[in-house]
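So in our numbering, the last one in the sequence shown is 435, and the numbering has no gaps at all.
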Amino acid sequence: MEFLIAFALGAVFGALLVILVNYFQKHRARELAQELVNQTQQQKMQELELLLGRVKEAFGSLSMDALKRNTEEFLKVANEVLSKQTRTGELELEGKKKLIDQTLEGMKTDLARVQELITGFEKDRAAKFGQLEKQLSLALEQTSRLQETTNQLRQALASTRSRGQWGERMAEDILRLMGFVEGINYVKQKTMETGQDRPDYTFFLPQERKINMDVKFPLDNYLHYLEAQGEKDRENFKQQFLKDVRDRIKEVTNRDYINPDDNTLDYVLVFIPNEQVYAFINEHDRTLLDEALKKKVILCSPITLYAVLAIIRQAMENFNLQNTAGQIMKLLESFYRQWQLFVKSLEKVGKKIYEAQQEYENLNTTRKNQLEKPLRQIDSLKKQVGPELLEAEALPAEAEVVEGEEEVEDNRDSKEPGGAK
């Protein structure tokens, strides 16, 4: 407080000094005022610093005492709270530890299961990978073989003769499947009687009718179509192939395959040895099949040829059945007569068997009983009398047996059919 009072007095003194200086020396007022202000400020700063130092010392001593007392109480309370929190924390920590242990045990179990699953998956993956590798190797091998076969087939079909042989082989397989026999159901490459044309196959029909089939078919442009890369080339080869088919139909109609003088039907078969080619024609030019039918040409795929041959075979079987119906009826009549004779003979044999049965029953009953009767009497006498008496009575017993046999014989003769009554 004294410093504050001194500070205030100094300020008043300074102010008075400034007024006096301004009053007496106006010309030096500014310089003196500035100098006094500077001195006053310095003095004020010094006094203020001194005052602040003493205030700090006073407040420091007060703060240290209060802080010491508050610190002791604070530490005491803090220790109590810390102890409670420590106990609570220990309990919570123990519970969390147990929970963590349980969780860890569960995690260990789950990890063990996961490890087992991973091991199983690894084994299964290895096994399946091995199988996949084998299958891929097998597929690669089969693909290579298929590629080789395709190349061989492409080379084989490159020539017209090879395509003709391929078509004939396909037709032969279908004929064999239908049970057709060469020379009976069809002939192969036989020159027609009315001309120089020689169809690949001629099938026999009822009433000595025939139908011819040609197996040569143009496939060059179709193969080029399959191998073409550009769309324009594919379109050109497609149109050229369809034109080849029309030319082939026209070529067949110009031949003498349909000839009434040779007893042929009004249609001729053209065999297409591949279902895909037949479907290609039907897909890209549906009018072509109709045009062929108008010209009496039937385009046959393997399945279509199978159906046509089935109809031919059924027609031949029905025709042969009609032709042999009279012979079958005669054979049935002969069988009926023989059956009647068989039945009569069977009845006679039945009667003989019945008579033999009756004779057997007579032997097994009456005759057997008559033969066993003296034996039973002899056994009874052996038990009742001695051997000497038994020998003496043997003769009358034998006479009785003979009389019994004669009586049985008379009874049997009287029961025979046609015997004396």
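We treat Cβ as the ideally placed atom computed from N, Cα and C, and that holds for glycine. Note that this is a predicted model, so its numbers are computed, not measured.
Apply the 10 Å Cβ neighbour rule to residue i and answer buried if 16 or more other Cβ atoms are within range, or exposed otherwise.
i      : result
Phe251 : buried
Leu191 : exposed
Asn235 : buried
Arg262 : buried
Tyr350 : exposed
Asp275 : exposed
Asp214 : buried
Ile326 : buried
Ser315 : buried
Leu107 : exposed
Leu319 : buried
Met59  : exposed
Is residue i helix, strand or coil by DSSP?
i      : result
Lys257 : helix
Lys366 : helix
Lys224 : strand
Lys122 : helix
Glu207 : coil
Leu279 : coil
Val311 : strand
Leu233 : coil
Phe285 : strand
Asp374 : Just to set this straight, residue 374 is Tyr in the shown sequence, not Asp. DSSP places Tyr374 in helix when its eight states are reduced to three.
Ala434 : Low confidence applies here, because Ala434 scores a pLDDT of 36, under 50, leaving its location unreliable and the question unanswered by this model.
Phe251 : helix
Leu409 : In this prediction, Leu409 has a pLDDT of 49, which is less than 50 and means its spatial position is unreliable; what the coordinates show is noted afterwards. Helix at Leu409.
Thr216 : strand
Val195 : coil
Ala43  : Confidence at Ala43 is low in this model, with a pLDDT of 48, below 50, so its placement is unreliable and no value can be given for it.
Tyr350 : helix
Tyr271 : coil
Taking the straight line between their C-alpha atoms, what separation do you get for residue i and residue j?
i      : j      : result
Lys204 : Ile188 : 20 Å
Lys365 : Leu385 : 29 Å
Lys112 : Lys122 : 15 Å
Glu196 : Glu186 : 10 Å
His149 : Phe143 : Reading the sequence as shown, one finds Gln at residue 149 and not His. Cα to Cα, the separation comes out at about 10 Å.
Val322 : Ser151 : 43 Å
Leu256 : Leu335 : 44 Å
Leu377 : Leu345 : 47 Å
Trp180 : Asn288 : 10 Å
Leu307 : Met343 : 42 Å
Glu369 : Lys362 : 11 Å
Glu86  : Glu94  : 12 Å
Val128 : Asp138 : 15 Å
Asp393 : Lys387 : 10 Å
Gln372 : Arg390 : 26 Å
Ile317 : Gln328 : 17 Å
Gln99  : Leu105 : 10 Å
His298 : Leu146 : 41 Å
Val291 : Gln341 : 48 Å
Ile312 : Phe294 : 16 Å
Tyr374 : Leu360 : 21 Å
Asp115 : Val91  : 35 Å
Glu136 : Glu130 : 10 Å
Leu154 : Gly134 : 29 Å
Cutting at 8 Å between CB atoms, please list the residues of its own chain near residue i, excluding the five before and the five after it.
i      : result
Phe333 : Pro220 and Gln221
Leu279 : Leu219, Arg223, Lys224, Ile225 and Ile272
Glu430 : Per-residue confidence for Glu430 stands at a pLDDT of 49, beneath the threshold of 50, marking its modelled position as unreliable; no derived number is given.
Lys310 : Thr267, Ile272, Asp280, Tyr281 and Val282
CB-CB under 6 Å to residue i, same chain, minus the five flanking residues each way: which ones, in chain order?
i      : result
Val201 : Thr216
Val229 : Gly181, Glu182, Ala185, Asp214 and Phe285
Considering only residues of the same chain and omitting the five flanking positions on each side of residue i, which have a CB-CB separation below 7 Å?
i      : result
Tyr239 : Arg248, Phe251, Lys252 and Phe255
Asp258 : Pro232 and Asn235
Any heavy atom of the ligand NAP closer than 7 Å to the Cβ of residue i?
i      : result
Arg327 : Only the bare structure without any ligand can be found here, which leaves the ligand NAP out of the picture.
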